[in-house]
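Enquirer:
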Amino acid sequence: MPIPRLLVAIVDDEESVRTALRRLLRSAGLDVQTFATGSEFLESLKPGRPDCVILDLHMPQINGFAVLSRLKELHNEVPVVAITGHDTPEARERALAGGAKAYLRKPVDDKSLLSAIESASAGSRKAARVKAKERSDTP
Amino acid sequence: MAVDLRDQGYPRNDHTPKDEPASDRLVGIYTRLGINQEFDISFVGRPNEATSAQWECFPWAAVRLHRPYSQSQFLPIIFKAEAGCAVATPGSRGFDVSPECSHMNLVTVIWSMIASACLTLAAMHLLVWFRKRTAWANLLFALTAVATAGMAACEVGTMHAQTPEEFGLFLRWFHVPGWLMIVTLVGFVRLYQRAGRPWLAWTVCGLRTVTLILDFVFTPNVNFRQITALRQISFLGTSISVAEGVPNPWMLIGHASLLLLVVFAIDATVTVWRRGERRQATLVGGSIIFFVTAGTLQMVLGMWEIVHMPLTPSLLFMGIVVAMGLELSEGVLRASELSDEVHETEARMALAAEAAGVGIWIWNIALNEVWGSERWMRMFGFASDADVTFENVMQRIHPEDRETVEREIGRALAERVDYAGEYRVVLPDSTQRWLTALGRVHPEANGSGGRMLGATLDITGRKASELEIAHQRNELAHLSRVTMLGELSGSLAHELNQPLTAILSNAQAAQRFMAREHVDLDEVRSILADIVAADQRAGEVIRRLRSLLKKEEVHHQPLSVNDVVQEVLKLMRSELMNRGVIVHVEVAKNLPQVQGDRIELQQVLLNLVINACDAMAERSAGTRRLRICTELVDTASIHISVADRGVGIPPDMLEQVFTPFYTTKVHGMGLGLAVCRTIISAHGGKLWAQSQPNHGATFHLTLPVDARSAEQREDKHE
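Given below as structure tokens:
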């Protein structure tokens, strides 16, 4: 059974950024979903999907920090890579404390991004595999 | 020098009475002549032979007079003497040396005085007309006076005529100045008094012209068909000639013209009187009526030989000339008084202008001559005796200011409004001065040409202070701007990082796509297009930032307030988002432009928006609302308001927030609002605050509408 490709969600209010990141991840062989707002993303959440979220912290209305809080409330452990164009130590601390697996400054380099996705999603894939095994072991 | 009359070819009278020695008769003559024989006269001829039978017949004499007695150009024979002359006339039996001849001849004296007075007056008023060609009344008066002098000359000619032919000739030529006299008199009444019926005027002139023509048609003249003899009568103690002969009935035309002239004068005088100019009516009108009537009566009575008297109209018309002269002199006198007043006023003005450091100038537009006071000439670097034209002045004005000055002066001339302007002049030694000028247009009566009068003040010192203050204000504004942008640095970085992210990620994606075996060229094209767009956006952000950060001189230009609002919102987009502030913008459409400095106005709005955000920081998310409105107020100014839902400002602090170094922020310098108010004042506007505690604060600012933009707007509406 082939290992399914990683599905990465991109949440950013700016279309140009969304499009560019989608292209980059697709070029790296990942599946990509994009969302213009935090609420759209939260509504689309399904168990085990996506494998990783690239979350812009600065968005109108529901910003990245609010999304992180909401995920915590939902006990959703989808790995989050926070990205921001407004980099401050407070934002970094708040994001990581809020549950983000990684914190990256815009503009983000492809290697840094892919490596952050990989390490963030590694745990989740392992967990997914364990969960899948548990399901298959269950008669 | 003595002249022996026998040498002149005159006949000698040999009726020498034996009973009376010549010396006794001479003593008698001398006594009557008022000559002191002992001191005043000496004989050079032979006095003993100089005797005659009658008193009136004095044969010849050669005398030497030691003091002047009289002379007359009208008497033919003159005994010239060393110190004067005695006068004799050739009589039928030798030489009549009549005592009158040697006396001051009253007729000659009076008529000569009339002629001289008239010619002097004529010369004066002719000069007035030469200087001011529109003074037609003065020209007509001068001609009237010349005509009177001519009439006087002809009259003397007739009175001293020796033969009927001579009399006839002088009388014929008398009609030439007579014609001129009447025509100019009619013209004077019409032009100066602005009265009299035109048809009467034309009739009088026409009849008089006919009379003049007939005068040269008939022989000897229009007065007489024939002059048969001359009669000697005594007039003013002088023996003068009057004619006897057959009157010419055609002269009735001349008399009719005189009668009509009287009617014309009466009619004109009534008009002038009714108009309220009673002095003029009495003086000029009254004298014309009286003297012309008297002259006409004299002509009629004399011609029809009802009375025997000489022709003396010039004596009467002299009365008219005097009246007219007095009337015109009144004007000249008033002009002279006014001239004195003007000179005094000018002197006072010059003194005041000099004391105030003001240069006075007058620009004669038609002649393109600029006269300037000494100070004004110095202000422009002209020599005090230089001939200055408008172009010379323009050349001195700084090239950057020249177009504005020319345009504003052109507008003042076209719209007949006052000119006011400030400009720089560059003097020949390359020094630069700031001047301010005020000018007023004085058009000619016909609306063309005219003059522009004005005053100019050197404001270089004031301008330097103003420029220094403006420079300091700009420095402060720049400092405030940089500080403000420092506060926004995070948001601004975000604004820049967004397009940079798009560029980098797109480019790296493209690299990866290109590394594949099958390159999707459409994808690559799309990526490149996005990179270009993102790059342009980044450039915009940098341009906006740079314009706010760079230190430049204030540059006022027509601009749209709504554009300024949008620019500020773009700059603040990220900040507003970060702070969770919801912005409502209500901008009025089709607003006229304002004159302003784009950067400074952006700075003011940025400051107000940041303050509003700060004021709402403590409010819960979702209630942080900012409202920006623009609207036109009474067509002359634009009102902009920035309202927040923050904590508000206590009433007693509403003014204090604009004072320098007043701040409620931890890191604030307290300069923001003070600088904003200075900027808006420099734009001719106002900035003030309103607040309801706990319901937020509203900052209002007004800016005057750009005059040209308002005009275009009005045109569009029309």
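Chains Y and E are the protein sequences, given in the same order.
Quick note on numbering: my numbering labels position 27 of the first sequence as 1360, and the sequence is numbered without any gaps.
Quick note on numbering: my numbering labels position 502 of the second sequence as 484, and the sequence is numbered without any gaps.
Quick reminder that beta carbons are idealized off the backbone N, C-alpha and C, glycines included.
Because the structure is a prediction, the values reported are computed rather than measured.
#1: If we ignore side chains and look at the alpha-carbon of each, how far apart do Glu1426/Y and Asp1389/Y end up?
#2: Tell me the rounded alpha-carbon separation between Val89/E and Gly132/E.
#3: What does Gly1397/Y touch in chain E if you count any residue whose Cβ is under 7 Å from its own?
#4: Determine the burial state of Lys1434/Y: buried for a count of at least 16 other Cβ atoms within 10 Å of its Cβ, exposed for fewer.
#5: At a cut of 8 Å, does the stretch 494 to 507 of chain E reach the stretch 517 to 533 of chain E through at least three beta carbon pairs?
#6: With a threshold of 7 Å on Cβ separation, who are the neighbours of Ile215/E within its own chain once the five nearest residues in sequence on each side are excluded?
#7: Please check the pair Ser462/E and Pro574/E, which I expect to be a contact at CB under 8 Å, by giving their CB distance rounded to whole angstroms.
#8: To the nearest angstrom, report how far apart Leu1447/Y and Gly562/E are at their CA atoms.
#9: Count the other C-beta atoms from every protein chain shown that fall within 10 angstroms of the C-beta of Asn350/E, then say buried if there are 16 or more, exposed otherwise.
#10: Roughly how many whole angstroms lie between the Cα atoms of Pro772/E and Gln414/E?
#11: Among Leu121/E, Gln144/E, Arg176/E and Val324/E, which has the Cα closest to the Cα of Met163/E?
#12: With a threshold of 16 other CB atoms inside 10 Å of the CB of Phe701/E, please say whether the residue is buried or exposed.
#13: Interface residues of chain E around Ser1372/Y at Cβ under 8 Å?
#14: With DSSP collapsed to three states, give me the class of Glu477/E.
#15: Quick one: grab the DSSP three-state call for Asp22/E.
#16: Give me the Cα-Cα distance between Ile1387/Y and Lys647/E, rounded to the nearest whole angstrom.
#17: Quick check: the stretch 484 to 501 of chain E against the stretch 1338 to 1357 of chain Y, are there 3 or more CB pairs under 8 Å?
#18: Would a check of beta-carbon distances place Arg494/E closer than 7 Å to chain Y?
#19: Just to check my reading of the structure: Val186/E and Leu242/E have Cβ atoms closer than 8 Å, yes? What is that Cβ distance to the nearest angstrom?
#20: Any C-beta of chain Y within less than 8 Å: which residues of the stretch 511 to 522 of chain E qualify?
#21: Using CA coordinates, which residue listed in Ala1342/Y, Asn1396/Y and Gly1418/Y is at the minimum distance from His476/E?
#22: Whole angstroms is fine: what's the gap from Leu395/E's alpha carbon to Leu435/E's?
#23: Quick one: list the residues of chain E neighbouring Arg1427/Y, beta-carbon separation under 7 Å, in chain order.
#24: Along the chain, where does the alpha helix (DSSP H) containing Val138/E start, and where does it finish?
#25: For Pro295/E, does the three-state DSSP call read helix, strand or coil?
#26: Specify, as a first and last residue, the run of the alpha helix (DSSP H) that Pro381/E falls within.
#27: Is there at least one Cβ from chain E nearer than 7 Å to Ser1402/Y's Cβ?
#28: Just to make sure I have the definition right: I need the residues of chain E whose C-beta is within less than 7 Å of the C-beta of Glu1347/Y. Which are they?
#29: If you measure from the beta carbon of Ser487/E to each beta carbon in chain Y, is any gap under 7 Å?
#30: Ala484/E versus chain Y: which residues are under 7 Å apart at the beta carbon?
#31: Can you tell me the Cα-Cα spacing of Thr210/E and Gly227/E, whole angstroms?
#32: So Leu153/E packs on Thr140/E, CB below 8 Å; how close in whole Å?
#33: Report the rounded CA-to-CA distance for Leu265/E versus Ala247/E, giving the unit in angstroms.
#34: Which residues bound the beta strand (DSSP E) around Gly267/E?
#35: Tell me which residues share the same chain as Thr442/E and place their Cβ nearer than 7 Å to its Cβ, disregarding the 5 neighbours each side in the sequence.
Expert: So, from the data block:
#1: 15 Å
#2: 15 Å
#3: By Cβ distance, chain E contributes nothing, its closest Cβ being about 11 Å from Gly1397/Y, past 7 Å.
#4: buried
#5: Segments in contact, no.
#6: Within the same chain, Ile215/E has close Cβ partners Ile222, Val224 and His290.
#7: Their Cβ separation, rounded to whole angstroms, is 28 Å, which puts Ser462/E and Pro574/E out of contact at 8 Å.
#8: 31 Å
#9: exposed
#10: Absent from the model: residue 772/E. The displayed extent of chain E is -17 to 700, so no value can be given.
#11: Leu121/E
#12: Because chain E here runs from -17 to 700, residue 701/E falls outside it and cannot be looked at.
#13: Those do not exist, as Ser1372/Y stays about 14 Å from chain E at its closest Cβ, beyond 8 Å.
#14: helix
#15: The predicted position of Asp22/E is uncertain, since its pLDDT is 42 and thus under 50; a value taken from the coordinates is nonetheless stated next. Note: Asp22/E maps to helix in three-state DSSP.
#16: 36 Å
#17: yes
#18: Closer than 7 Å: yes.
#19: About 5 Å separates the Cβ atoms of Val186/E and Leu242/E, confirming a contact at the 8 Å cut-off.
#20: Asp512, Ala515, Ala516 and Arg519
#21: Nearest C-alpha to His476/E among Ala1342/Y, Asn1396/Y and Gly1418/Y: Gly1418/Y.
#22: 12 Å
#23: Chain E residues near Arg1427/Y: none, gap ~13 Å exceeds 7 Å.
#24: Trp118 to Met141
#25: helix
#26: Pro381 to Glu397
#27: Chain E, which has no Cβ nearer than 7 Å to the Cβ of Ser1402/Y, makes this no.
#28: Gln480
#29: yes
#30: Ser1349, Val1350 and Ala1353
#31: C-alpha separation (whole angstroms): 5 Å.
#32: 6 Å
#33: 12 Å
#34: Unbroken run through Gly267/E: none, as it is neither H nor E.
#35: Arg415 and Trp416
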